[in-house]
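Chemist: Take this structure, written in structure tokens, and hold onto it; I'll ask about it next.
Chains as they are written, first to last, in UniProt numbering: chain A, 1 to 675; chain B, 1 to 76.
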């Protein structure tokens, strides 16, 4: 029998467990992409329930369906234009009033809605008794109780969704706005109804309501239509601000007549969450607690990751051996062994680190603490021209800047977001650490730890100063006013956090599998093609990665650019390769100095005269600041949607790196330090 | 006789009612959607470090003082 196919959309306020419910419904069958034209993440998934195949679309979390943010426009356009068979609204049972506001808006849109009354167990334990039967009667919408993090009520929900989709009829729920406003609505309905292009696409009453609501997005749609002048003449007779607020309040009035009947008692008072908040947002304790949490997160990450990293390292070592032993063709063997396995392996070794860091961050996020962290950090972040929400992406940058930059999506204000993206690469990611480890270890002996710490601090300082600079010049203005919800604390479940970790971490894996793979093959090719005039075979032993290959030619071309910093052509080449992934800097220096993977041998050659402590320090600082890796540049382009800003970031960072390394080398030489 | 005062001036722990929001269209609508409408009961949990923690209709929010000065409340 042919399966029925229906499409449902999940809507809801932020922090109501929407993503958890989405995961509970679709399991592993999901796809993450972007909504067309905007950088809002679009998640879709599939689920077969009985004989119905259900396509589930996760809409962005929104408080309403006005046109305040991209998220809201995306959610609304989807519901209006794609007309999903059913819209499931996830309602936080502990916070009915605010959640039902979105319900009234979905109702006005004429969509078929099913309410998933989520976290009702929490509401019940708080003493709220919610009468779902009454709720259904008043709203004329089916209500199903769910507990998403324990996957309870999912089948009942799907049952209701399928039944609702079968009905086929169209509900027309209305909020009544009172005589004065209703009169204007009717007046507008008559006008808008004349334009068949508009009335064919959108519900006419909804359009009229939104026009009175001062919805800019709808006003734009009207501007281009045949009825623009008529609509404007009606709108010019009213005072917009008054209407807007009056209409929002009417919606709340509707809710408030329903609410007392549905929720018998909603207990107020000091809750467990309030008690925790008293400590973690305290004036004196807030920041120490925050620092302690972060320290613990990093500590767990690095302690647990170390043995795992060794394991990954062993695996790739073994793989390289197998490749070398089983492939007789020297060209192919070199490509696979020296190029792909060594290159991708160098990146994969950080995977445990990055996944664990993301797991920690996901746990903190899911517990509700991250919202408090943003609050605690807000004042500090405000001073440097960012807002509290910028902090998490900056923190994630210590793992990998790519998912960190993607995490800036939670920042609503475009300017705040742009500044956070632009300074993020200065936060030293995990990939840069091996470069510091090797150079500091070779040149600074027992001071190595302090030097590396200093480099990290330098990155933070540069990020802060750059944010201030950018805020004061090209992106003038103050950070947007800060308001964010502090959701009640919840015990995170390992499963949910693991899924969130995977969502962020898989980006890194994808990068290793695509860009870096392509990059290392390219590097290998450059080092395998003989330089013009050199008489040797392709990929032959004697030219591989030496001056006689194309790489050598390239190195000598850029050498004059970095010579003032005390770098020779080999360092120049290594830095060019660092663009593919920063950790490659060390690997390619190994190849160029002919020491291969043996870092001790490389350290010996470098300290024996190839470099000195000043150039080593300069190289570390240069690696910190110059153009971020190709994956990072790619994600900046994608998230800013602008080549202009991407190139600005690249040019700014590289210039800064050059100046810093130059100063270190010149001033250091002048005062005779470290020689 | 209840006083009307900006939210920033409300003492911690005291409950009040939202009287008006003196903000531009976008921000005002945003706040109303989050539950800050005229007549809503509001409690200031904390007021320090340039920010407030408030509870409106059972939902807790952290907000900057800049935004809070625009919300007028009466201490009933």
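Built from N, CA and C at the ideal position, the CB exists for glycine as well.
For residue 41 of chain B and residue 274 of chain A, what's the separation of their Cα atoms in angstroms?
Modeler: Counted from its first residue, the second chain places residue 41 of chain B at position 41. Counted from its first residue, the first chain places residue 274 of chain A at position 274. Roughly 17 Å between the two C-alpha positions.
Chemist: Between the beta-carbon of residue 44 of chain B and the beta-carbon of residue 72 of chain B, is there less than 8 Å?
Modeler: Translated into positions along the second chain, residue 44 of chain B becomes position 44. Translated into positions along the second chain, residue 72 of chain B becomes position 72. No. Outside cutoff.
Chemist: Which residues does DSSP pair with residue 118 of chain A in a beta bridge?
Modeler: Reading the first chain from its first residue, position 118 is the one you call residue 118 of chain A. Note: residue 118 of chain A sits in a beta bridge opposite A/92, A/146.
Chemist: Opposite residue 5 of chain B in the DSSP bridges: which residues?
Modeler: Here residue 5 of chain B corresponds to residue number 5 of the second chain, with the count starting at 1. BP columns for residue 5 of chain B point to B/73.
Chemist: With 16 other CB atoms within 10 Å as the buried threshold, where does residue 474 of chain A fall?
Modeler: In the first chain, residue 474 of chain A corresponds to position 474, counting from 1. Its Cβ having fewer than 16 others within 10 Å, residue 474 of chain A is exposed.
Chemist: If you compare alpha carbons, which of A/595, A/599, A/660 is closest to residue 624 of chain A?
Modeler: Walking along the first chain from the start, residue 624 of chain A turns up at place 624. Considering only alpha carbons, the answer is A/660.
Chemist: Is there at least one Cβ from chain B nearer than 8 Å to residue 97 of chain A's Cβ?
Modeler: For the purposes of this step, residue 97 of chain A is taken as residue 97 along the first chain, with counting starting at 1. At least one chain B Cβ lies under 8 Å of residue 97 of chain A.
Chemist: Between residue 618 of chain A and residue 550 of chain A, how many whole angstroms is the CB-CB distance? I'm expecting something under 8 Å.
Modeler: For the purposes of this step, residue 618 of chain A is identified with residue 618 of the first chain, where counting begins at 1. For the purposes of this step, residue 550 of chain A is identified with residue 550 of the first chain, where counting begins at 1. Residue 618 of chain A to residue 550 of chain A, Cβ: 26 Å. No contact.
Chemist: Quick one: which chain A residues come within Cβ less than 8 Å of residue 57 of chain B?
Modeler: Counting from one through the second chain, the residue named residue 57 of chain B turns up at place 57. What residue 57 of chain B touches in chain A: 95, 97, 98.
Chemist: Quick check for students: name the residue ranges of the alpha helix (DSSP H) that lie wholly in the region 463 to 536 of chain A, counting only runs of 4 or more.
Modeler: Listed in chain order, they are 494 to 511, 517 to 528.
Chemist: Is the Cβ of residue 483 of chain A closer than 8 Å to any Cβ of chain B?
Modeler: The count along the first chain starts at 1 and reaches residue 483 of chain A at position 483. Closer than 8 Å: yes.
Chemist: Can you give the Cα-Cα distance for residue 472 of chain A and residue 575 of chain A, rounded to whole angstroms?
Modeler: Position 472 of the first chain holds residue 472 of chain A. Position 575 of the first chain holds residue 575 of chain A. Going by the C-alpha atoms only, they are around 31 Å apart.
Chemist: Ends of the alpha helix (DSSP H) at residue 582 of chain A?
Modeler: Taking the first chain and counting its residues from 1, one reaches residue 582 of chain A at position 582. Taken as a continuous stretch (DSSP letters only), residue 582 of chain A belongs to no alpha helix (DSSP H), as it is neither H nor E.
Chemist: Tell whether a beta-carbon distance below 8 Å holds between residue 161 of chain A and residue 88 of chain A.
Modeler: The count along the first chain starts at 1 and reaches residue 161 of chain A at position 161. The count along the first chain starts at 1 and reaches residue 88 of chain A at position 88. Yes, these two residues count as a Cβ contact at 8 Å.
Chemist: Using a Cβ-Cβ cut-off of 7 Å (strictly less than) and excluding sequence neighbours within five positions of residue 63 of chain B, which residues of its own chain qualify?
Modeler: Looking up residue 63 of chain B in the second chain gives position 63. Closer than 7 Å at Cβ, skipping near neighbours: 51, 52, 54.
Chemist: Can you name, in chain order, every residue of its own chain whose Cβ lies under 7 Å from the Cβ of residue 421 of chain A, other than the five neighbours on each side?
Modeler: Numbered from 1 along the first chain, position 421 holds the residue referred to as residue 421 of chain A. If we look at residue 421 of chain A and ignore the five residues flanking it on each side, its Cβ neighbours are 405, 408, 636, 639, 640.
Chemist: Quick test of the definition: if touching needs 3 or more C-beta pairs under 8 Å, does the region 570 to 589 of chain A touch the region 546 to 562 of chain A?
Modeler: The region 570 to 589 of chain A is in contact with the region 546 to 562 of chain A.
Chemist: Does DSSP put residue 112 of chain A in a helix, a strand or coil?
Modeler: Residue mapping note: residue 112 of chain A aligns to position 112 of the first chain, counting from 1. Residue 112 of chain A falls in the coil class under three-state DSSP.
Chemist: Report buried or exposed for residue 621 of chain A, applying the criterion of at least 16 other Cβ atoms within 10 angstroms of its Cβ.
Modeler: What you label residue 621 of chain A is simply residue 621 of the first chain in a count that begins at 1. It is buried - the Cβ of residue 621 of chain A has at least 16 other Cβ atoms within 10 Å.
Chemist: Taking 8 Å as the threshold (beta carbon to beta carbon), is residue 4 of chain B in contact with chain A?
Modeler: Residue mapping note: residue 4 of chain B aligns to position 4 of the second chain, counting from 1. By this cut-off, residue 4 of chain B is not an interface position.
Chemist: Contact criterion: CB-CB distance below 8 Å. Does residue 64 of chain A meet it with respect to chain B?
Modeler: Residue numbering aside, residue 64 of chain A sits at position 64 when the first chain is read from its first letter. Yes, its Cβ sits closer than 8 Å to a Cβ of chain B.
Chemist: Are the region 272 to 289 of chain A and the region 333 to 345 of chain A in contact at 8 Å, needing three or more beta carbon pairs?
Modeler: No: the two stretches stay apart, fewer than three of their Cβ pairs being nearer than 8 Å.
Chemist: Drop a sphere of 10 angstroms on the beta-carbon of residue 537 of chain A, count the other beta-carbons inside from all chains shown, and report buried for 16 or more, exposed for fewer.
Modeler: Your numbering for residue 537 of chain A matches position 537 in the first chain. Under this definition residue 537 of chain A is an exposed residue.
Chemist: Name, please, each residue of chain A whose Cβ falls closer than 8 Å to the Cβ of residue 64 of chain B.
Modeler: On the second chain, residue 64 of chain B is found 64 positions in, with the first residue counted as 1. The contacting residues are 378, 382, 481, 482, 483.
Chemist: Of all Cβ atoms in chain A, is any one closer than 8 Å to the Cβ of residue 10 of chain B?
Modeler: The residue labelled residue 10 of chain B in the question sits at position 10 within the second chain. Judged by the 8 Å Cβ criterion, residue 10 of chain B is not in contact with chain A.
Chemist: What does residue 254 of chain A touch in chain B if you count any residue whose Cβ is under 8 Å from its own?
Modeler: Residue 254 of chain A sits at position 254 when you count from the first residue of the first chain. Those within 8 Å of residue 254 of chain A in chain B number zero; the least Cβ separation is about 13 Å.
Chemist: With contact counted as at least three CB pairs below 8 Å, one residue from each stretch, are the region 300 to 309 of chain A and the region 350 to 357 of chain A in contact?
Modeler: With the cut-off at 8 Å, the region 300 to 309 of chain A and the region 350 to 357 of chain A touch.
Chemist: Mind checking residue 178 of chain A: buried by the 16 CB within 10 Å criterion, or exposed?
Modeler: In the first chain, counting from the first residue as 1, residue 178 of chain A sits at position 178. Per the 10 Å Cβ criterion, exposed.
Chemist: Taking residue 653 of chain A as part of the alpha helix (DSSP H), name the residues at either end of that continuous run.
Modeler: Counting from 1 along the first chain, the entry for residue 653 of chain A is found at position 653. 643 to 670 is the extent of the alpha helix (DSSP H) around residue 653 of chain A.
Chemist: By Cβ distance, which residues of its chain are closer than 8 Å to residue 247 of chain A, with the 5 residues on each side in sequence left out?
Modeler: By 1-based counting over the first chain, the position of residue 247 of chain A is 247. These residues qualify, in order along the chain: 177, 181, 209, 212, 213.
Chemist: Given 8 Å as the limit, is there contact between the region 40 to 50 of chain A and the region 80 to 96 of chain A, that is, 3 or more CB pairs closer than that?
Modeler: Because the criterion of three Cβ pairs below 8 Å is not met, the region 40 to 50 of chain A and the region 80 to 96 of chain A do not touch.
Chemist: Residue 14 of chain B by DSSP, collapsed to three states: which one?
Modeler: Within the second chain, the letter at position 14 stands for residue 14 of chain B. Here residue 14 of chain B sits in coil by DSSP.
Chemist: Going along the region 272 to 295 of chain A in order, which residues come within less than 9 Å of chain B, judged by CB to CB distance?
Modeler: Of all residues in the region 272 to 295 of chain A, 273, 274, 277, 278, 281, 282, 283, 286 have a Cβ within less than 9 Å of some Cβ in chain B.
Chemist: Roughly how many angstroms lie between the CA atoms of residue 496 of chain A and residue 149 of chain A, to the nearest whole one?
Modeler: Translated into positions along the first chain, residue 496 of chain A becomes position 496. Translated into positions along the first chain, residue 149 of chain A becomes position 149. Distance between the alpha carbons of residue 496 of chain A and residue 149 of chain A: 7 Å.
Chemist: Strictly below 7 Å CB to CB, what residues from chain A border residue 13 of chain B?
Modeler: Residue 13 of chain B sits at position 13 when you count from the first residue of the second chain. Going along chain A, no residue has its Cβ under 7 Å from residue 13 of chain B, so there is no contact; the nearest lies around 10 Å.
Chemist: Could you list the residues in the region 652 to 667 of chain A with a C-beta less than 9 Å from some C-beta on chain B, going in chain order?
Modeler: The residues in question: there are none.
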